[in-house]
Amino acid sequence: QKERARQAALLSDRKECSGMGPRSPPLPLILMCQQANTRDKSLALTRYMIMKNPELEFCGYTTTHPSESKINLRIQTRGSLPAIDPFQRGLNELMNVCQHVLDKFEASIKESKDQRASRHESTF
């Protein structure tokens, strides 16, 4: 829920964006998002997750300037799907993938610690 509030805050700050209404036409959408210095890989992953939607024609991004913490994200859809829908869906899917990777990583760490503990106990 905290992530949804952050996403809503990002979107509400973008008064200059066209097509931001809840049922906007499927026109190209430009979002100005604030990102950290390590934005390139996270943006590539976000774009990949958004492009998995078969109702999209195009999704791309550019940085405005290296010294600015803004990007331009363009999403163009087919049919009557508002561009904001695949954007939000892609972010949610990316969060789910990240959570899955984190869960697997933590389970692997626990398994490794358990194996070490059992080996250590068997030597005594």
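Residue numbers (UniProt numbering): 1 to 124.
A virtual CB, placed ideally from N, CA and C, is assigned to each residue, including glycine.
*Given 8 Å, three or more beta-carbon pairs between the region 71-78 and the region 104-122*: no
*So, using beta-carbon positions, are Thr46 and Leu81 closer together than 8 Å?*
Contact: no.
*Three-state secondary structure assigned by DSSP to Thr63*: strand
*Which full runs of the beta strand (DSSP E) of 3+ residues lie inside the region 74-123, going along the chain?*
none
*For Lys98, count neighbouring C-beta atoms within 10 Å of its own C-beta (all shown protein chains included) and say buried if the count is 16 or more, exposed if not.*
For the record, residue 98 in the displayed sequence is Cys; it is not Lys. The residue is exposed, with fewer than 16 neighbouring Cβ atoms inside 10 Å.
*Put Lys52 into one of helix, strand or coil per three-state DSSP.*
Lys52 falls in the coil class under three-state DSSP.
_Alpha-carbon to alpha-carbon, Met95 and Ala83_ = 19 Å
_Other residues of its chain near Asn53: CB distance less than 6 Å, five sequence neighbours each side excluded_ = Pro86
*When the distance is taken between beta carbons, is Glu93 closer than 8 Å to Asn78?*
Residue 78 is actually Arg in this sequence, not Asn. Not in contact: Arg78 and Glu93 (Cβ atoms no closer than 8 Å).
*asked:* Which residue wins for smallest C-alpha separation from Glu57, given the options Asp103, Ser69, Arg116, Tyr48?
replied: Tyr48
*With distances taken from CA atoms, which of Phe105, Arg89, Lys41, Arg119 is nearest Met51?*
The shortest C-alpha separation from Met51 is found at Arg89.
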